[in-house]
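Just below is one structure, and these are the notes that go with it.
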Amino acid sequence: MTSCPIRFDPLSPEQLADPYPLYARLRREAPVFYAEAHGLWVVSRYEDVLAVVRDTETFSSQNAVRASVRPLPQPVLDVLATGWPMSPTLTDSDGQVHRRLRLLVTKAFTPKRVAELEGRIRENVDALIDEFADDGRADIIERFAWNLPMFTLTDMLGIPRADIPTLHRWSVSWLRILQATDSVEELVICARDVVTMQRYFMDEFQGRLGEDLMSSLLAARVAGGEPISHEEAMRVMINLIIAGHVTVTRSIGNGLTTLLAHSDQLQAVLNDPDLVPAMVEEVLRFESPAQGLFRTVRKGTVLNGVEIPAGAHLMVHWASANRDEQVFGESDVFDVTRDSMATHVAFGKGVHACLGAPLARLQLKIALPRLFERLPNLRMAAGADTAVRDTIFFARGFKRLEIEWDVHEPSAG
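Each residue of the sequence shown is one higher than the last, beginning at 82 in the working numbering.
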């Protein structure tokens, strides 16, 4: 068993602030290593990450979103037992179970459905900005970054917007259960939210006959296969709500701070709107919203000369792979002209590549430029604790991000 000579602690203040020097050392010195404190093997080089995600026979997606596979405390399990199992989902299933679910979701979540949302997303972006444009200062995470994707998703699903704050709170609780670093008392509260969220969607399925995504999923059929059950559809909806909004939320915050820190690149995009798609891909590569996901090793194997035992829990580190010097020239340079869409792994690769990636890209291409257009001289707000990183083991984003801009007269949408 290999021990890493470097302290790997994604929730430490130093690594929350800037993990990239550590990732570079890992790629150089210990590209496949065992982080004993977390009971976790970490794979940090691009080539090895792709080898793992492409070998689904050796590396199972079981527990793909669980940073730790230690059993949850019994009081938490007791609460969760009053609902339905949290898996399998699209993210943490394998083989035929995953293929069937993905086919059914693909039939409902079509490129045409995503493309038709562009006009509504533009309206939502401006409506949200209208609410704070004359204030001169805002926490952009609270006022904009999580509301936008939640507006988009609830519109798609035919869910009332009045339910958005509750759905957001439940989503945070679901992630805290997966991370399981809170106290037992806090995790019990989160478990209650998880079960309530499950019941919410099971109730929403009753009598669904509309044109929304939820109705389309329930009506989807695969030749020779079973239609999706309500329990399966409930997990798909929760998976979509959580992954579909936190990814965009994190990328908006990451994109703003990165562009503001690279004024020449920001100016290049403002001068040439044709650079916006490449800029979005570079934000995703440079500051990956999902730092990595996890795999379970089915059988003992060797990766990059390192023996990994059967049953091991392993992290495929998207963010480190996206800074791999062997793949991306000047990988620590933020370059909005870089062509990396087909190469970067911010949305994963292989059979588990994110189905919602086109929708996330569309929202970012609209939202990031529009914030700079609508908020003159946009900048980071002065004062302490204006940029507070979220504390999720396998993700990178902001819990709070205060920005300022010039206000000369009331803004019109």
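The beta carbon of each residue, even a glycine, is placed where N, CA and C say it ideally should be.
A quick note: this is a predicted structure, and the numbers were derived from the prediction, not measured.
Would you kindly work out how many angstroms separate the C-alpha atoms of Leu198 and Thr233, rounded to a whole number?
When the Cα atoms are used, Leu198 and Thr233 turn out to be separated by approximately 8 Å.
What is the rounded straight-line gap between the Cα of Met167 and the Cα of Pro457?
A direct Cα-Cα distance of roughly 45 Å separates Met167 from Pro457.
Through-space distance from Ala391 to Ile484, alpha-carbon basis:
Going from the Cα of Ile484 to the Cα of Ala391 covers about 48 Å.
Can at least three beta-carbon pairs, one atom from the region 122 to 140 and one from the region 461 to 468, be found at a separation below 8 Å?
Touching, no.
Nearest CA to the CA of Ile447: which residue from Pro354, Thr424 and Asn335?
Relative to the Cα of Ile447, the nearest Cα in the group Pro354, Thr424 and Asn335 belongs to Pro354.
Can you name the residues that DSSP bridges to Arg218?
Listed as beta-bridge partners of Arg218 by DSSP are Glu485.
Local conformation of Thr83 per DSSP, three classes
Reliability fails at Thr83, whose pLDDT of 46 lies under 50, so the model's placement of it is uncertain and the value that follows must be treated cautiously. When secondary structure is reduced to three states using DSSP, Thr83 falls in the coil class, being assigned neither helix nor strand.
Assuming contact is defined by CB atoms lying nearer than 7 Å, are Leu356 and Ala427 in contact in what I supplied?
Their beta carbons are not under 7 Å apart, which means Leu356 does not touch Ala427 by this criterion.
Quick one: give me the first and last residue of the beta strand (DSSP E) that Ile270 is part of.
Taken as a continuous stretch (DSSP letters only), Ile270 belongs to no beta strand (DSSP E), being part of the alpha helix (DSSP H) at Val265 to Glu285.
Secondary structure of Thr377, DSSP reduced to three states:
When secondary structure is reduced to three states using DSSP, Thr377 falls in the strand class.
Pairs of beta-carbons, one from the region 334 to 348 and one from the region 377 to 393, closer than 8 Å: are there three or more?
Proximity of the region 334 to 348 to the region 377 to 393 falls short of the contact definition, fewer than three beta-carbon pairs being nearer than 8 Å.
Taking the alpha carbon of Lys193 as the reference point, which residue from His489, Val303, Arg481 and Leu443 has its own alpha carbon closest?
Distance check between Lys193 and each of His489, Val303, Arg481 and Leu443 places Leu443 closest, using alpha-carbon atoms only.
Just to check my reading of the structure: Val130 and Asn385 have Cβ atoms closer than 8 Å, yes? What is that Cβ distance to the nearest angstrom?
Wrong, their Cβ atoms sit about 11 Å apart, outside the cutoff.
Secondary structure at Thr382, three-state DSSP: helix, strand or coil?
Thr382 carries a strand assignment under DSSP once its states are collapsed to helix, strand and coil.
Alpha-carbon to alpha-carbon, Gly437 and Val361
In this structure, the CA atom of Val361 is about 15 Å from the CA atom of Gly437.
Let me confirm a value: Asp284 is counted as buried when at least 16 other C-beta atoms fall within 10 Å, else exposed. Which label applies?
Exposed.
Quick one: give me the first and last residue of the alpha helix (DSSP H) that Ala441 is part of.
Note, Ala441: alpha helix (DSSP H), Ala438 to Arg455.
In the DSSP assignment, the alpha helix (DSSP H) including Glu204 goes from what residue to what residue?
Counting along the chain, Glu204 sits inside the alpha helix (DSSP H) bounded by residues Glu199 to Asp211.
Less than 7 Å separating the beta-carbons of Phe415 and Thr328?
Contact: no.
Assign Ala468 to one of three DSSP states: helix, strand, or coil.
It is a strand residue.
Simplified DSSP state of Val357, which is helix, strand or coil
The three-state reading of DSSP puts Val357 in helix, counting H, G and I together.
Determine the closest residue to Asp459 out of Met396, Met295, Phe479 and Leu351, with distance taken between C-alpha atoms.
Asp is not the amino acid found at residue 459; the sequence shown has Leu there. Leu459 has its Cα closest to that of Leu351, out of Met396, Met295, Phe479 and Leu351.
Between the CA atoms of His249 and Met237 - distance to the nearest angstrom:
Cα to Cα, Met237 sits roughly 16 Å from His249.
CB-CB under 8 Å to Ile323, same chain, minus the five flanking residues each way: which ones, in chain order?
Scanning its chain for C-beta atoms nearer than 8 Å, with the 5 sequence neighbours on each side dropped, one finds around Ile323 the residues Ser252, Trp255 and Leu256, in chain order.
According to the neighbour-count rule (16 or more other Cβ atoms, all chains shown, within 10 Å of its Cβ), is Lys380 buried or exposed?
Lys380 should be labelled exposed.
If we count the other Cβ atoms within 10 Å of its Cβ and call it buried at 16 or more, is Gly120 buried or exposed?
When all chains shown are included, Gly120 counts as exposed.
Do you know offhand how far Ala196's Cα is from Asn228's?
Whole-angstrom Cα-Cα distance: 20 Å.
Burial state of Pro308, where buried means 16 or more other Cβ atoms lie within 10 Å:
Pro308 sits exposed, since fewer than 16 C-beta atoms from the chains shown fall within 10 Å of its C-beta.
What residue from Glu454, Ala476 and Gly478 has the CA that sits closest to Asp487's CA?
Out of Glu454, Ala476 and Gly478, Glu454 has the C-alpha closest to the C-alpha of Asp487.
Grab the span of the beta strand (DSSP E) containing Ile389 for me, first residue to last.
If you look at Ile389, you'll find it in the beta strand (DSSP E) that goes Val387 to Ile389.
In the region 88 to 163, which residue ranges form an unbroken beta strand (DSSP E) of at least 3 residues, counting only runs that do not cross its ends?
Complete beta strand (DSSP E) runs here, min 3: 113 to 116 and 121 to 124.
Residues that Val397 bridges to, as DSSP identifies them:
Val124 and Leu374, per the DSSP bridge assignment.
Quick one: is Gln177 buried, meaning 16 or more other Cβ sit within 10 Å of its Cβ, or exposed?
Counting Cβ neighbours within 10 Å, Gln177 comes out exposed, since fewer than 16 surround it.
Residues in the same chain with beta-carbon distance under 7 Å from Phe367, minus the five sequence neighbours each way, listed in chain order, please.
Same-chain partners within the cutoff: Thr339 and Phe415.
Could you say which of Ala476, Leu103, Trp122 and Ala116 lies nearest to Val383 if we only look at CA atoms?
Of the listed residues, the one whose Cα sits closest to Val383 is Trp122.
Tell me the DSSP secondary structure of Met167 in three-state form.
Note: Met167 maps to coil in three-state DSSP.
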